[in-house]
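Residue numbers (this note's numbering): 3 to 186.
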């Protein structure tokens, strides 16, 4: 019974954390997120939609909407403005149904390589912990974070031993969606 209650509490805590992030007014939509969009008194204009890899989604009468980097309030405004051509004073509700675009990846000499969802943010040491720590074969002085930016690709060095000893803590950066941590 105790294990059952612990499992229930864990599931509820994870659901609450994801919901809290989805309700954060500063959260920006990312590819892979699922949005729920509805228009009051318009049953044909209620839809769950996936934000595509290019950061856009489609909605009836509105067409294509670029959602990447926009908040829920931004999307409410965009959809309302586009619908105003067809419906007078549309009352639009946009909410985040599921957060799946806030992922980072850990590959190489870790115990559990894979993709990890950041709720709401994760630094390098935290994601290495989420990946089960490094293996005995890891080259701890050669870890890099690969990041794509509008200016191009970046390779950011991370020296694990320095951070563990409390030196060069500036290396323990907050990761961004899409970052890849490589542990050679």
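The beta carbon of each residue, even a glycine, is placed where N, CA and C say it ideally should be.
Residue i - DSSP class collapsed to helix/strand/coil
| i | result |
| --- | --- |
| residue 114 | coil |
| residue 178 | coil |
| residue 23 | At residue 23 the pLDDT is 45, less than 50, meaning the model places this residue with poor confidence; the figure from the coordinates comes in the next sentence. If DSSP states are grouped into helix, strand and coil, residue 23 belongs with the helices. |
| residue 93 | coil |
| residue 183 | strand |
Alpha-carbon spacing of residue i relative to residue j, whole angstroms
| i | j | result |
| --- | --- | --- |
| residue 157 | residue 46 | 47 Å |
| residue 64 | residue 84 | 6 Å |
| residue 79 | residue 120 | 27 Å |
| residue 55 | residue 28 | 21 Å |
| residue 50 | residue 61 | 9 Å |
| residue 164 | residue 124 | 19 Å |
| residue 162 | residue 174 | 9 Å |
| residue 170 | residue 67 | 42 Å |
| residue 181 | residue 90 | 43 Å |
| residue 140 | residue 113 | 10 Å |
| residue 149 | residue 155 | 6 Å |
| residue 53 | residue 104 | 12 Å |
| residue 93 | residue 41 | 6 Å |
| residue 176 | residue 133 | 16 Å |
Heavy atom of the ligand FMN within 6 Å of residue i beta-carbon
| i | result |
| --- | --- |
| residue 142 | The ligand FMN is not among the ligands present in this structure, which contains no ligands whatsoever. |
Beta carbon of residue i nearer than 7 Å to that of residue j
| i | j | result |
| --- | --- | --- |
| residue 35 | residue 98 | yes |
| residue 107 | residue 117 | yes |
| residue 110 | residue 185 | yes |
| residue 138 | residue 146 | no |
Contact with chain D by residue i, beta-carbon distance below 7 Å
| i | result |
| --- | --- |
| residue 137 | Looking for chain D here will not work: only one protein chain is present. |
Supposed contact pair residue j and residue i - C-beta distance, whole angstroms, cut 8 Å
| i | j | result |
| --- | --- | --- |
| residue 30 | residue 87 | Contact flag wrong, Cβ pair sits at about 26 Å. |
| residue 32 | residue 179 | 5 Å |
| residue 96 | residue 37 | 6 Å |
Practice problem: Just list the beta strand (DSSP E) runs in the stretch 35 to 78, keeping only unbroken ones of 3 residues or longer that don't cross its boundaries, in chain order. | Solution: 36 to 41, 44 to 52, 58 to 61, 65 to 68
In chain order, what are the residue ranges of uninterrupted alpha helix (DSSP H) at least 4 long that sit wholly in the stretch 102 to 165? 126 to 132
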